[in-house]
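> I am attaching a structure below and will ask some questions about it afterwards.
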Amino acid sequence: MTHPDPERTVRHLYVHVPFCPSICPYCDFHVLTRRAGQVEAYLRRLREEAHELAGRYDVDLDTVYLGGGTPSFLRDDEIADLVDAVRGTLGWGRAENTLEVNPGTVSPERAAHWRGLGFDRASVGVQSLDDDTLRFLGRRHDARGAAAAVTTLLERDFRVSGDLITAVPGQPLERDIDGLVSLGVEHVSAYTLTIEPGTEFARRGVTVAEEDEQRGFDVTARLLAERGFERYEVSNYARPGARSRHNLAYWTNRAYLGLGPGASGHYPVPGALTERRTNPHLHEWLTGDAGEAEPSAPEDYVTDALFMGLRLTDGVDLADLSRRAGLDVRARYGEVIEAERRAGRLTLDGDRLRTTDAGRWVLNDVVRSFLNA
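Numbering (the numbering used here), first residue to last: 261 to 633.
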């Protein structure tokens, strides 16, 4: 194949809001507590960057996602200014517009304000509904506050996704899952506690036992399936029709814009394939630093797509991927695919390549076999 056919119209936008009321001990994202003048400077530069992106790419948005950080930590006038900057230059998502929400920032009035700005989906950082677990995780809200936040958002007609952290020592995981489901969320993101270098947990020597990680992985999948949730990605579960459309763009290797300090984007390149770009942190970003861009050769595009797509229970359509990359994936990686099939870690049904349960647990090893081919 010699004619790659990646998409040229960008339909997804991620906006990074780096400000948080406090820094959790497990967090390794680009986040910081706000200081005088920082948010104002951030909003000015955000509007400039939005104009730059609008002039550079063909944009027709299906989804917008405000992540962080804590986007809901912005004051009402600040988030309104942010939405105005996005909507006035890049447009707004036709299908889904998500706001990441910290439970401690929710009130009926604020939820109504966010809904009025055009957000229809809230991703709530519940993490646990057990107060001891929340204290261990350094969260500032308690279980009652988390439950109240979810209820308030549902009452204001938000579609709500709840985040959980699993593999926390002493965590009553079954109770967390049952409690979250009973609140009425339609989507659950369940992430294993991971100790990243440079975090407070790493400095304190906190560790995660492999048996706790495996138990969290298995128990979450079993209980949510019993309660009517479909596992559609390694860590994500949804009721029918409630999958995150924005996150599916990442997992299916689609183009998306990254707006804000530390934001990553996947951009079409005229006459070529795509490039991935990561914005610098706040100080450099405010000066107009463009960050780092990494062009995607066909093999890079394919391995990126496999790394993300094999996380999905639907797997990867190899014919579609070959068309987009301009590379015959089955011809190039046939030996790897066959070896992983024999090892019981991949299945191939027609053009659909999927991980097995065993493969999902060691997904990094599976993808590494493609990288090393």
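Just so you know, even glycine gets a beta-carbon here, dropped at the ideal spot from N, CA and C.
Name the one or two DSSP bridge partners that TYR527 has.
For TYR527, which the question treats as bridged, DSSP gives the partners GLU535.
> Who are the Cβ neighbours of PRO555 in its own chain at under 6 Å, not counting the five residues just before and after it?
If we look at PRO555 and ignore the five residues flanking it on each side, its Cβ neighbours are GLU535.
> If you check the beta carbons only, do VAL275 and LEU608 fall under 7 Å apart?
For VAL275 and LEU608, no; Cβs fall outside 7 Å.
> According to DSSP, simplified to helix, strand and coil, what is ASN507?
Helix.
> Examine the Cβ distances between the segment 313-332 and the segment 353-360 and report whether three or more of them are shorter than 8 Å.
Yes: the two stretches touch, three or more of their Cβ pairs being nearer than 8 Å.
> For GLY398, which residues in the same chain have their Cβ closer than 6 Å to its Cβ, ignoring the five residues on either side in sequence?
The answer, listed in chain order, is CYS284 and PRO285.
> Alpha carbons only, please: which of LEU581, GLY525 and PHE418 is nearest the one belonging to VAL270?
Residue GLY525 is the option with its Cα nearest to VAL270.
> Quick check on the DSSP output: the alpha helix (DSSP H) that includes GLU584 runs from which residue to which?
The identity of residue 584 in the sequence shown is Arg, whereas the question assumes Glu. First-last of the alpha helix (DSSP H) with ARG584: 578-585.
> Could you give the residue range of the alpha helix (DSSP H) that holds ASN496?
No alpha helix (DSSP H) holds ASN496; the beta strand (DSSP E) holding it covers 496-498.
> By the 10 Å Cβ neighbour count, where 16 or more other Cβ atoms means buried, how is THR454 classified, buried or exposed?
Flag for THR454 reads exposed.
> With distance defined between alpha-carbon atoms, name the residue in ARG584, ARG620, PRO500 and ASP588 nearest to GLU600.
Checking every option, the nearest Cα to that of GLU600 belongs to ARG620.
> Measuring CA to CA, which of PRO558, VAL291 and ALA371 is closest to ASN513?
Comparing Cα positions, the closest option is PRO558.
> Tell me whether GLN474 sits in a helix, a strand or coil according to DSSP, three-state version.
In this structure, GLN474 counts as helix in the three-state DSSP scheme.
> Quick check on the DSSP output: what are the complete alpha helix (DSSP H) runs of length 4 or more inside the segment 534-576, in order along the chain?
The segment 534-576 contains these whole alpha helix (DSSP H) runs: 542-546 and 558-569.
> Would you identify the three-state DSSP class for LEU631, choosing helix, strand or coil?
Residue state, collapsed to three classes: helix.
> Leaving out five residues on either side along the sequence, give the residues of the same chain with a beta carbon under 6 Å from the beta carbon of HIS401.
The residues are PRO363 and GLY364.
> At which residue ranges does the segment 335-379 contain complete alpha helix (DSSP H) runs of 4 or more residues, listed in the order of the chain?
Whole alpha helix (DSSP H) segments, 4+ residues: 336-349 and 368-377.
> Cβ of ASP436 within 7 Å of Cβ of SER388?
Contact flag set, yes.
> Using DSSP bridges, identify the partner residues of GLN298.
Looking at the DSSP assignment, GLN298 forms no beta bridge with any residue, so it has no partner.
> In whole angstroms, what is the alpha-carbon distance linking GLU396 and LEU424?
Inspection of the sequence shows that residue 396 is occupied by Phe rather than by Glu. Distance between the alpha carbons of PHE396 and LEU424 is about 14 Å.
> Measuring straight from C-alpha to C-alpha, what distance separates HIS543 and VAL361?
HIS543 and VAL361: Cα-Cα distance of roughly 25 Å.
> Do you know how far the Cα of ARG592 is from the Cα of ALA633?
Roughly 9 Å separates the two Cα atoms.
> Of all the options SER442, THR452 and ARG416, which has the alpha carbon lying nearest to the alpha carbon of GLN431?
Among SER442, THR452 and ARG416, the Cα nearest to that of GLN431 belongs to THR452.
> Quick check on SER332: buried or exposed, where buried means 16 or more other Cβ atoms within 10 Å of its Cβ?
SER332 should be labelled buried.
> Name the DSSP beta bridge partners of ILE425, please?
DSSP lists TYR451 as partners of ILE425.
> Please report the distance separating the alpha-carbon of VAL346 from that of ALA310.
Cα to Cα, the separation comes out at about 6 Å.
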